[in-house]
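Following my numbering, the numbering of the sequence shown begins with -5 at its first residue and continues without gaps.
For reference, the structure discussed in these notes is given below.
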Amino acid sequence: MPTSQKGFAPIILILGIILVSAGIVGGSYYYKNNIYQKEKINEQPIARSSALNNTKPKETTDSAQNPKIVVNEFFKAAQNRDRIKARNLLSPNVVKEAFKSTFDEQSSSPSASLYTQKFEYNIIEGWTNTDDTKAFIKVNLIIEGQTFPTMVVLEKDMDGPWLIVYNESVSYSDSEPPAAFERVNPDQNTPRIVSVIIEGPADLFITNPEGNHSGIDPKTNTLVNEITGATYLPRSEIRKPFSRKSASIRRLVGYWVVEVVGSDSGKYQLVIDPFTETDQSKVLEGDVSRGSKEDYILYWPIESTKPFEITKVKQIF
């Protein structure tokens, strides 16, 4: 055989081996990839189904994180006489005396329970404290044509749901009102005097539980004095523009809202002084600008042994 032909045969043999090896490797890759794709396709429905089973409905999460919705669901449950659902909206720390009929299945007196009489309700506005662990929702209950301003208080852990812990209805009428939650704070003759003083570039706008106002209306920038026994004394035109302004509340019953409304930029000092032997005056400071506002809720508990409460809040609706 010629020399060129002898060298040609090994080359053909080597090429053949290379082609066979490539075919084996390619076939193995195709087989593995095909199996992987089949396994991936088979796994997808399982993963999707698992995700659906572990995801709570969006409505439930939103409801638990919105104190207004929780309060609305509670009153709807009361209208439907569904005590079980209502109880599920109460905190383990709830003041049970404020929700007797919710816990007492035997309550049957028409004037003793929301579950045994017809009523309507309007959710007016709401606030939370600065660290979002406590909420105050103002509700007007309408029972037998009479309106009872009611504050519902809720609490929550940092990542937990909002749950109701307390409520209080207020009546300024002379007659004993029908009970809303079996814990109504009727008209009282006992003085509950609170002095509110503001210094700095700001005015006060005070709202009582019935929705009446005293102070400088931030919407119109005009003086209003609708609350009997809580007259606001604005700064005198003769004095310096940032001089002391004050209001004296002669009978603080229920939850009151005090707004510090900025008339210019600067620091303010708010002094709140309940006239009692045990409670000390509170001095609160902050910064304002023209048109800005900071809110505080004042509350004098029914129980004389409990201290006067001041909570800085932010309005949520």
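From the three backbone atoms N, C-alpha and C, an ideal C-beta is built for every residue, glycine too.
These numbers were taken from a predicted model, which means no experiment stands behind them.
Between residue i and the rest of its own chain, which residues show a CB-CB distance below 7 Å, the 5 nearest in sequence each way excluded?
| i | result |
| --- | --- |
| G21 | Low local confidence applies: a pLDDT of 49 at G21 is under 50, so the model's placement there is unreliable, and no value is given. |
| T299 | none |
| R75 | Y109 |
| K308 | W121, T122, T124 and D289 |
| E119 | K132, Q309 and F311 |
So, residue i versus residue j, is the Cβ gap smaller than 8 Å?
| i | j | result |
| --- | --- | --- |
| Q263 | P155 | no |
| S189 | S242 | yes |
| K239 | L227 | yes |
| T127 | K306 | no |
| K62 | A71 | no |
| K261 | D289 | no |
| V252 | I200 | yes |
| F130 | I266 | no |
| I310 | T122 | yes |
| L135 | L83 | no |
Exposed or buried, which one is residue i when buried takes at least 16 other CB atoms within 10 Å?
| i | result |
| --- | --- |
| P172 | Model confidence at P172 stands at a pLDDT of 46, short of 50, so the residue's coordinates are unreliable; what they give is reported in the following sentence. By the 10 Å Cβ count, P172 comes out buried. |
| F93 | buried |
| E297 | exposed |
| N116 | exposed |
| T96 | buried |
| N161 | buried |
| G343 | Missing from the structure shown is residue 343; the chain here goes from -5 to 311 and no further. |
| Y293 | buried |
| G209 | buried |
| D197 | buried |
| G194 | buried |
| V159 | buried |
| R284 | exposed |
| A257 | The sequence given here places Ser at residue 257; Ala does not occur at that position. Under this definition S257 is a buried residue. |
| V65 | buried |
| V277 | exposed |
According to DSSP, residue i sits in a beta bridge with which residue or residues?
| i | result |
| --- | --- |
| A80 | Looking at the DSSP assignment, A80 forms no beta bridge with any residue, so it has no partner. |
| V188 | I243 and P268 |
| N202 | In DSSP, N202 forms no bridge with anything. |
| S208 | I200 and N219 |
| E149 | K128 and L157 |
| K317 | Missing from the structure shown is residue 317; the chain here goes from -5 to 311 and no further. |
| Y249 | Y293 |
| G256 | A196 |
| L227 | S240 |
| P143 | N134 |
| N123 | V307 |
| Y115 | L135 |
| E288 | V254 |
Excluding sequence positions up to five away, which residues of its chain have a Cβ less than 8 Å from the Cβ of residue i?
| i | result |
| --- | --- |
| G17 | With a pLDDT of 48 at G17, under the threshold of 50, the modelled position of this residue cannot be trusted; read the value that follows with caution. Answer for G17: no residue qualifies. |
Say whether chain D places a C-beta atom closer than 8 Å to the C-beta of residue i.
| i | result |
| --- | --- |
| L83 | Reference to chain D is not applicable here, since this structure consists of a single protein chain. |
Who are the Cβ neighbours of residue i in its own chain at under 6 Å, not counting the five residues just before and after it?
| i | result |
| --- | --- |
| F269 | I187 |
| K164 | The sequence given here places Val at residue 164; Lys does not occur at that position. P143, N179, P203, V247 and G248. |
| T225 | N219 |
Could you tell me whether the region 137 to 148 touches the region 203 to 222, using the rule of 3 or more Cβ pairs below 8 Å? yes
Should the region 212 to 221 be regarded as contacting the region 269 to 276, the criterion being three or more beta carbon pairs within less than 8 Å? no
Would you call the region 70 to 89 in contact with the region 147 to 159, where contact means no fewer than 3 C-beta pairs closer than 8 Å? yes
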